[in-house]
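Going by the numbering used here, the first residue of the sequence shown is number 67, and it counts up by one from there.
C-beta: ideal position from N, C-alpha, C; glycine also.
Fair warning: this is a prediction, and the values are worked out from it, not measured in the lab.
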Amino acid sequence: MRHLERIEAQFHSPESAAAMAEARGLEALRNNQATAAVEQFRQAAAHWDNLNRPFDQARVLDDLGQALRQTKETGQAEAAFKQARDIREALAAQLEDTELKASFLNTERP
C-alpha cells in the first residue's frame, strides 16, 4: 500500500487516484470494514468511468457489489453487479471472434 501511496503522491494523476481508491477499498475489505470499502470502490468506479476505462470500472463494480453484500445492501449490490455485466457485454459486443467473445464473457467474477 505504501508503494501506491508514494506513486499517488508523486504523480497525483487521475489514474493513480483511481488505483489508490481501489487499493484502499481492497484493504478495507481485508480488514472487515465493508462500509469503508464501499465508499472507496464508488470513488474508484467514478474515476475509471471519467477516464473512459470501462474494463477497470467493471472490475471495481464487482468489488463494490461484494462490499455491498457484506453491508447487507443486496439491492445496491445487484445493481453494481448488473452495471459491471452490462459494461462487459458492451465491450464483448465489439469483438468479432465468437470464441474470443465467449472467453471474455466467461471472465465474469460474481
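For residue i, which of helix, strand or coil comes out of DSSP?
| i | result |
| --- | --- |
| arginine 151 | helix |
| aspartate 129 | helix |
| threonine 137 | coil |
| aspartate 115 | helix |
| leucine 79 | The question names leucine, but residue 79 is serine in the sequence shown. Coil. |
| glutamine 123 | helix |
| glutamine 142 | helix |
| glutamine 109 | helix |
Quick check on this structure: which residue in the options has the alpha carbon closest to the alpha carbon of residue i?
| i | options | result |
| --- | --- | --- |
| alanine 158 | Lys167, Asp152, Ala133 and Arg151 | Lys167 |
| alanine 231 | Glu155, Thr140, Gln136 and Gln142 | Past the edges of the chain, shown from 67 to 176, lies residue 231, and the structure says nothing about it. |
| arginine 68 | Gly141, Leu127, Ala146 and Glu93 | Glu93 |
| glutamate 81 | Asn118, Arg96, Thr101 and Ala102 | Asn118 |
Provide the residue span of the alpha helix (DSSP H) that contains residue i, from first to last.
| i | result |
| --- | --- |
| glutamate 162 | Run containing glutamate 162: none; DSSP gives neither H nor E here. |
Our contact map puts residue i next to residue j with C-beta atoms below 8 angstroms; I'd like the distance itself, whole angstroms only.
| i | j | result |
| --- | --- | --- |
| alanine 133 | valine 104 | 5 angstroms |
| leucine 171 | alanine 146 | With a Cβ gap of about 18 angstroms, leucine 171 and alanine 146 do not count as contacting. |
Looking at C-beta atoms only, is the number of pairs between the region 81 to 88 and the region 110 to 118 that lie closer than 8 angstroms three or more? yes
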